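Following: one structure in structure tokens, then a few remarks.
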Amino acid sequence: MQLTDREQDGVVILQPKGKIMGGPDASLLHDKLHEVIEAGNKKVVIDLSKVDWMNSTGLGILISSYTTLRNNDGELKLANVTDKIQSLLTITKLVTVFDSYDSVGDAVDALK
Amino acid sequence: MDKPVISGNTIKIPADLKYLTDVDDFIEGFLRDCGAEESVVADIAISVSELVNNAVAHGNRYAPDQPIIITIDKMNGAVTITVSDQGTGFNPDDIADPLANENLLKEAGRGIFIVRSLMDAVDIDASRQGTTVTITKAL
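For the protein sequence lines, the chains are A and B, in the order given.
For the first sequence, the working numbering gives the first residue as 108, with consecutive numbering after it.
For the second sequence, the working numbering gives the first residue as 2, with consecutive numbering after it.
And the structure:
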């Protein structure tokens, strides 16, 4: 898995690429998200357009980020959720937890 | 053992999560050779990754001298995969319901639930000598 990050209108946008299945790759996303939060950023978008699939480890990282941001008066939005990940969010009922948007722009707008 | 070993339809790995990608390459390669649809490949790959995560962390508890053994076979239009460890086993009935409101924001505890959701059949054979999970999915 690879990971890029950028900022737009005060929102940090993280874009993982590949598969999020656990092990060292998953730690990369987990550590980056918490680094962003600890730096004081309160608005984060995760662009999932280039994630082939994730397992429960990936879902756990999303939940950890969501709760950490929420506990610090921040917000997490998801963008470009692929069909496979949407299916996982649905069967785990996490679709009721995360706000998802069709594009990064829409997600950023929701955080303004 | 200190690295993955592939022999026919079997891959054996040390109990270390850094070898998840080796298992994934092996499984996805087999499935694509069978002509499996990408959605089926992903469902099986996700499920195997869940089982290997469990086997490494909860079965063999990262013990480097205890391998995880994964086999894959195709028969009668379906793929069957087994994941075996040498841990003391677990009772699947003891796993908390990940859909319960009090568990929804827990970071872990969804692996077996996801496997059961994605696969056509799941069998868990747990004993004090180890755990073997067998999953089956039609192609």
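Every residue gets a Cβ at the ideal spot worked out from N, C-alpha and C, and that includes glycine.
The structure displayed is predicted, hence computed values, not measured ones.
Enumerate in chain order the residues of its own chain whose CB-to-CB distance from residue i is below 7 Å, with the five nearest sequence positions on each side excluded.
i         : result
Ile73(B)  : Asn10, Ile28, Phe31, Val80, Ile82
Asp25(B)  : Ala46, Ser50
Asp159(A) : Gly125, Lys126
Asn148(A) : Val119
Asp3(B)   : Pro15
Within the same chain, show all residues whose beta-carbon is closer than 6 Å to that of residue i, passing over the 5 residues directly before and after it, in chain order.
i         : result
Ser48(B)  : Val116, Leu119, Met120, Ile136
Pro65(B)  : Pro15
Arg113(A) : Ile120
Lys13(B)  : Val6, Pro68, Ile70
Leu18(B)  : Val57
Go ahead and pull the three-state DSSP assignment for residue i.
i         : result
Ser194(A) : helix
Glu38(B)  : coil
Val6(B)   : strand
Ser210(A) : coil
Leu110(A) : strand
Leu176(A) : helix
Leu140(B) : coil
Check the C-beta distance from residue i over to residue j and give it rounded, since I have them as a contact under 8 Å.
i         : j         : result
Val204(A) : Leu100(B) : Contact doesn't hold; Cβ gap of about 12 Å is too wide.
Ile153(A) : Leu196(A) : So it is not a contact: roughly 12 Å between Cβ atoms.
Leu166(A) : Thr199(A) : 6 Å
Thr132(B) : Gly90(B)  : 5 Å
Met161(A) : Asp132(A) : Not quite, the Cβ-Cβ distance comes to about 10 Å (not below 8 Å), so this is no contact.
Val134(B) : Val84(B)  : 5 Å
Thr164(A) : Asn54(B)  : 6 Å
Might you give, ordered along the chain, the residues of its own chain that have their beta carbon closer than 8 Å to the beta carbon of residue i, omitting 5 neighbours on each side?
i         : result
Ile144(A) : Val151, Ser172, Thr175, Leu176, Asn179, Gly181
Glu51(B)  : Gly112, Ile113, Ile115, Val116
Asp126(B) : Thr132, Thr133, Val134, Thr135
Lys139(A) : Leu110, Asp112, Leu121
Around the C-beta of residue i, are 16 or more other C-beta atoms found within 10 angstroms, so that it is buried, or is it exposed?
i         : result
Ile168(A) : buried
Gln87(B)  : buried
Lys138(B) : buried
Tyr63(B)  : exposed
Gln115(A) : exposed
Asp44(B)  : buried
Ile96(B)  : exposed
Trp128(A) : The question names Trp, but residue 128(A) is Met in the sequence shown. Looking at its Cβ environment, which holds 16 or more other Cβ atoms inside 10 Å, Met128(A) is buried.
Ser230(A) : In the structure displayed, chain A extends from 108 to 219; residue 230(A) sits before or after that span and is not available.
Ser194(A) : buried
inquiry  = At 4 residues or longer, what runs of the alpha helix (DSSP H) sit wholly inside the segment 64–136 of chain B?
reply    = 112–119
key: Ranges of the beta strand (DSSP E) found wholly within the segment 113–161 of chain A, counting only runs of at least 3   = 118–127, 150–154, 158–161
request  = List in chain order: all unbroken beta strand (DSSP E) runs of 3+ residues lying wholly within the segment 11–60 of chain B.
outcome  = 11–14
ask   = Taking a cut of 7 Å between CB atoms, which residues from the segment 18–34 of chain B lie near chain D?
value = Protein chains A and B are contained in the structure displayed, whereas chain D is not.
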